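Residue 40 in the numbering used here is what sits at position 25 of the sequence shown, and the numbering runs on without skipping anything. No residue lacks a Cβ here, since even glycine has one placed at the ideal position from N, Cα and C. Computed from a predicted structure; not experimentally measured. Worksheet: one structure, shown below.
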Amino acid sequence: MELSLGGNGPKSLVEDTEFSKQMSDKGYLLTSAESVINWARTGSLHWMTFGLACCAVEMMHTSMPRYDLERFGTAPRASPRQSDLMIVAGTLTNKMAPALRKVYDQMPEPRYVISMGSCANGGGYYHYSYSVVRGCDKIVPVDIYVPGCPPTAEALLYGILQLQRKIRRTGTIVR
Numbered sequence: 016m017e018l019s020l021g022g023n024g025p026k027s028l029v030e031d032t033e034f035s036k037q038m039s040d041k042g043y044l045l046t047s048a049e050s051v052i053n054w055a056r057t058g059s060l061h062w063m064t065f066g067l068a069c070c071a072v073e074m075m076h077t078s079m080p081r082y083d084l085e086r087f088g089t090a091p092r093a094s095p096r097q098s099d100l101m102i103v104a105g106t107l108t109n110k111m112a113p114a115l116r117k118v119y120d121q122m123p124e125p126r127y128v129i130s131m132g133s134c135a136n137g138g139g140y141y142h143y144s145y146s147v148v149r150g151c152d153k154i155v156p157v158d159i160y161v162p163g164c165p166p167t168a169e170a171l172l173y174g175i176l177q178l179q180r181k182i183r184r185t186g187t188i189v190r
């Protein structure tokens with residue numbers, strides 16, 4: 016029980032539980048504001064693509080009718096100021112890294128990042144190239160890693176569902 020009506024200790028918790036049962040019988044629901052905010056946040060992720068290579072094609076497949084990412088409460092956005100999720104898909108070069116960080120900094124809090132594909136996760140096939148960043152987590156904090164070269168649309172969908180689960184579980188308004 017997250018709502019405390021008075022007093023401390025086990026007796027108060029029993030009183031809160033009984034009060035909650037009485038109110039639910041009358042059609043009311045008791046919860047905390049933080050729980051409601053986290054619930055709403057999981058169903059309203061606005062994602063922005065940062066497609067850099069072939070993984071971006073699989074990211075597009077996820078939005079198409081077969082997988083329909085929007086049925087999980089997500090919606091694509093073109094501006095970083097309107098999005099709270101960035102999907103980094105593909106090889107991140109040293110020249111592109113400052114642009115990635117700039118776009119990330121423009122996103123409002125709380126913001127989340129999904130690293131999609133072997134290249135975004137750790138450099139992938141081009142890992143030993145002088146011009147490749149060995150993982151986008153060197154530039155921005157990553158919440159979910161989606162493995163594969165390229166990962167399937169199902170894998171990205173599973174990653175987004177994992178992110179929603181993580182948001183529900185963490186329970187923080189500002190990270």
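Point to revise | Where the beta strand (DSSP E) through ILE159 begins and ends | key: Boundaries of the beta strand (DSSP E) around ILE159: 159 to 161.
Review point. HIS142 by DSSP, collapsed to three states: which one?
Key: Here HIS142 sits in coil by DSSP.
Review point. Is the stretch 161 to 170 in contact with the stretch 107 to 116, if contact means three or more CB pairs nearer than 8 Å?
Key: No: fewer than three Cβ pairs fall under 8 Å.
Practice item. Pull up the distance between the alpha-carbon of ILE182 and that of VAL147, whole angstroms please. Key: Each residue's Cα considered, the two are about 31 Å apart.
Exercise for review: Flag this pair as touching only if the stretch 39 to 51 and the stretch 96 to 107 have three or more C-beta atom pairs under 8 Å; answer yes or no.
Suggested key: Taking 8 Å as the limit for Cβ pairs, the verdict is that the stretch 96 to 107 does not touch the stretch 39 to 51.
Check your understanding: How close, in whole Å, do the beta carbons of VAL161 and LEU176 come, if the pair is a contact with beta carbons under 8 Å?
Key -> About 11 Å; that fails the 8 Å criterion.
**Study point:** the stretch 46 to 60 contacting the stretch 80 to 92, beta-carbon criterion three pairs below 8 Å
**Key:** Yes: the two stretches touch, three or more of their Cβ pairs being nearer than 8 Å.
Review point. Any idea if ARG116 is buried or exposed, counting beta-carbon neighbours within 10 angstroms, 16 or more meaning buried?
Key: Exposed, by the Cβ-count rule.
**Study point:** beta strand (DSSP E) segments (min. 3 residues) lying fully within the stretch 74 to 106
**Key:** As far as the stretch 74 to 106 is concerned, its whole beta strand (DSSP E) runs of at least 3 residues are 89 to 91, 100 to 104.
Check your understanding: Applying the criterion that 16 or more other CB atoms from any shown protein chain within 10 Å of the CB defines a buried residue, is GLY22 buried or exposed?
Key -> At GLY22, the pLDDT of 46 sits below 50, so the modelled position is not reliable and the matter cannot be decided from this model.
Point to revise | Between the CA atoms of PHE34 and THR77 - distance to the nearest angstrom | key: A direct Cα-to-Cα measurement between THR77 and PHE34 gives close to 45 Å.
Review point. Can you name, in chain order, every residue of its own chain whose Cβ lies under 6 Å from the Cβ of GLY138, other than the five neighbours on each side?
Key: Excluding the 5 residues flanking it on each side, GLY138 has same chain C-beta neighbours closer than 6 Å at VAL147, ARG149, in chain order.
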